[in-house]
Amino acid sequence: MPNKSRPRTGSLQFRPRKRAKKETPSFRSIGKTSGKGKPQNFLGYKVGMLHVVAKDERQKSISFGQEIVLPATVIECPPLKVFGVRAYQKNEKGNGIFASLEITADKVDKHLGRKIRSYKKKHQKKGEKEIQKEKKEDVSPKSWGDLEKQKDQLVGVRLLVHTQPGLTNFGRKKPDVSEITLNGSIEEQLGFAKQKLGQPITIKEVFERGQMADIKAITKGKGFQGVIKRHNVKMLSHKAKKRRIVGSISPWHPATVMWTVARPGQLGYHARTEYNKKILEMGENGKNITPAAGFGHYGKVQNDFLIIAGSIPGPPKRCVALRNATRNVNPNAQKIGQIISYSTKPVKQKEIGAEDDAPKLEKVKVEKETKEATKSVAEELAEAGKQKQVKK
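FYI, numbering that gives the first Met the number 0 numbers position 24 of the sequence shown as 23, with every residue one higher than the one before it.
Written out as structure tokens, the structure is:
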């Protein structure tokens, strides 16, 4: 068999291949959808993977109408808590936007101080300088009345939210903070923001079953790795001095190493987005999908959850960002019906065989009755001998 030649390997799409700045993912753009003041994105936590049994509903498929097995990922989505509203205006040059004003809730979750220093209590802050007697007053408007006055200048309104990992089972309290984008007009966005300030937002307000979503997360970190694992470069001959290296990184002239050459470095812990992931199922409580001992490295699902077709980046417990799909869906993509069963909750063997064993038991009873009715010649002679002895 001929040897495979790989003169060019490794994707050039992502550069530089370095560690992500933050572990909480965020989207730069959000797709537009129909609705009035509806949230467009959400945050959850990756639980783990399972496989589901469902019916194939794509008509041109070979397995149309049959049960197929699919890999799927569970994402736990406890409600997000809205602790602020942020309004955006256009730059003077008109080439960008900036946060013009911000309104925060009067009462916030006590665990938010673990993430944002300003929400810590005074006795919890370390290394803080003495509070100055004279403070500069903040001129920026912070009331809904000032926000209404500047309504014509606003470009968009976003919600400041934080997750509630304390509601989950994996023992974390420090929340993740992000922004939620709203659709609709400015008036509709302001109306929804007023209604939700200090209130929770659930996953059902953003997504529906069967909908397509984009998912962004930070991948598993692998540390500093060589070119074989990092770029899948071909190994050199067994007679070479070193095998797990690149044969030649550059010519003599020009005396430089091109950026396209595979080099060792950081592998993993990168921010990656996966597009058009189908939401197979949504639920309020994970009892129907959680194994008896819980998911490995995570535990039991106690809150709202999603089941996504396929895999997503990152290890269990990692924060995952979801948004409405921004790309067109392939019309020839696989169409999946309602889920029939989950691999984490298999049907018990007794339940499977209960109906099948009933006719077998009846058959055994009938055979016993026929054996008693039809006696052999030896048995009849033995009974006759016993009767003669009794008469004598």
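Glycine included, every Cβ here is placed at the ideal spot set by N, Cα and C.
Inset, instruction - Between the Cα of R85 and those of I185, I244, K233, C76, spot the shortest distance and give me the residue it belongs to. - result: Looking from the CA of R85, the closest CA among I185, I244, K233, C76 belongs to I185.
Inset, instruction - Under 7 Å Cβ to Cβ from Q198, same chain only, skipping five residues before and after it: list those, please. - result: Cβ neighbours of Q198 beyond the five flanking positions: V81.
Inset, instruction - Can you tell me which of A192, A332, Y268, L181 puts its alpha carbon nearest to the alpha carbon of S142? - result: Scanning A192, A332, Y268, L181 for the CA closest to the CA of S142 turns up A192.
Legend entry - C-alpha distance - P77 paired with P330, whole-angstrom precision: Near 33 Å, if we compare the C-alpha coordinates of P330 and P77.
Legend entry - Residues near L42 by beta carbon distance below 8 Å, same chain, minus five either side: Answer for L42: T23, C76, L79, V160, T162, D175, S177, C318, V319, A320, L321, listed in chain order.
Inset, instruction - List the DSSP bridge partners of D213. - result: D213 pairs with R322.
Inset, instruction - For the alpha helix (DSSP H) holding K195, just list the boundary residues, first then last. - result: Segment 185 to 195, the alpha helix (DSSP H) holding K195.
Legend entry - Where L146 falls, given that 16 or more other Cβ within 10 Å makes a residue buried: With 16 or more other Cβ atoms within 10 Å, it is buried.
Inset, instruction - Identify, in the order they occur along the chain, each residue of the same chain with its Cβ nearer than 6 Å to the Cβ of R271, setting aside the five sequence neighbours on each side. - result: Sequence-distant Cβ neighbours of R271 in its own chain, meaning closer than 6 Å and more than five residues away, are T218, P312.
Inset, instruction - Grab the span of the alpha helix (DSSP H) containing D55 for me, first residue to last. - result: No alpha helix (DSSP H) holds D55; the beta strand (DSSP E) holding it covers 40 to 55.
Legend entry - Nearest neighbour of T259, chosen from P15, L111, E382, Y341 [CA to CA]: Considering only P15, L111, E382, Y341, the residue with the shortest C-alpha distance to T259 is P15.
Legend entry - First and last residue of the uninterrupted alpha helix (DSSP H) at L146: Element bounds for L146: 143 to 148.
Legend entry - Sub-8 Å separation of I335 and K240 beta-carbons: Contact flag unset, no.
Legend entry - Own chain, CB closer than 6 Å to G34, minus 5 neighbours either side, in chain order: So the qualifying residues of the chain are N182.
Legend entry - Uninterrupted beta strand (DSSP E) stretches inside the segment 233 to 277 (no shorter than 3 residues): Those beta strand (DSSP E) runs which fall completely within the segment 233 to 277 and span 3+ residues are 264 to 267.
Legend entry - 8 Å Cβ shell around S236 - same chain, five flanking residues per side excluded: The beta carbon of S236 lies closer than 8 Å to those of R242 in the same chain, with the five residues before and after it left out.
Legend entry - Sufficient close CB pairs (3 or more, under 8 Å) joining the segment 301 to 310 to the segment 245 to 265: No, the segment 301 to 310 does not touch the segment 245 to 265.
Inset, instruction - Any chance you could list the beta strand (DSSP E) runs of at least 3 consecutive residues sitting entirely within the segment 278 to 341, in chain order? - result: Fully enclosed beta strand (DSSP E) runs of 3 or longer: 304 to 308, 318 to 323, 335 to 341.
Inset, instruction - Could you tell me which residues DSSP pairs with K80 in its beta bridges? - result: The partner list for K80 (beta bridge, DSSP) reads H161, P199.
Legend entry - Short Cβ contact (8 Å threshold) for G298 with N168: Cβ distance < 8 Å, so G298 and N168 count as in contact.
Inset, instruction - Closer than 6 Å by C-beta to V393: which residues in its own chain qualify, once you throw out the five before and the five after it? Chain order, please. - result: Missing from the structure shown is residue 393; the chain here goes from 0 to 391 and no further.
Inset, instruction - Compute the Euclidean distance between the alpha carbons of N90 and V154, then round it to the nearest angstrom. - result: Roughly 10 Å separates the two Cα atoms.
Inset, instruction - Drop a sphere of 10 angstroms on the beta-carbon of P6, count the other beta-carbons inside from all chains shown, and report buried for 16 or more, exposed for fewer. - result: An exposed status is given to P6, since fewer than 16 other beta-carbon atoms sit within 10 Å of its beta-carbon.
Legend entry - CB contact flag (A212, N323, <8 Å): In contact: A212 and N323 (Cβ atoms closer than 8 Å).
Inset, instruction - Would you decide whether Y44 is buried or exposed? Buried here means 16 or more other CB atoms lie within 10 Å of its CB. - result: Counting of Cβ neighbours within 10 angstroms places Y44 among the buried residues, the total reaching 16 or more.
Legend entry - C-alpha gap between Y341 and D55, whole angstroms: Here the alpha carbons of D55 and Y341 stand approximately 16 Å from one another.
Inset, instruction - Return the residue from the list K173, V376, G190, P263 that minimises the CA-CA distance to G112. - result: Of the candidates K173, V376, G190, P263, the one whose C-alpha sits nearest the C-alpha of G112 is K173.
Legend entry - Reference N231; option with closest CA among R262, I202, I248, R208: Comparing Cα-Cα distances from N231 to each of R262, I202, I248, R208, the minimum goes to R262.
Legend entry - Limits of the beta strand (DSSP E) - the one that K228 falls within: Per DSSP, K228 lies in no beta strand (DSSP E); the unbroken alpha helix (DSSP H) holding it starts and ends at 226 to 230.
Inset, instruction - Mind checking who V107 pairs with in its DSSP beta bridge? - result: Its beta-bridge partners do not exist; DSSP assigns none.
Legend entry - Simplified DSSP state of E366, which is helix, strand or coil: Reduced to three states, the DSSP call for E366 is helix.
Inset, instruction - Give the DSSP-derived three-state secondary structure of Q386 in the structure shown. - result: Note: Q386 maps to helix in three-state DSSP.
Legend entry - Reference R157, options W251, N2, G170, G36, closest by Cα: Minimum Cα distance to R157 is reached at G36.
Legend entry - Own chain partners of A19 with C-beta closer than 7 Å, once the 5 adjacent residues on each side are dropped: If the five residues before and after A19 are omitted, its C-beta is found closer than 7 Å to the C-beta atoms of I217, Y268, H269, A270, all from its own chain and listed in chain order.
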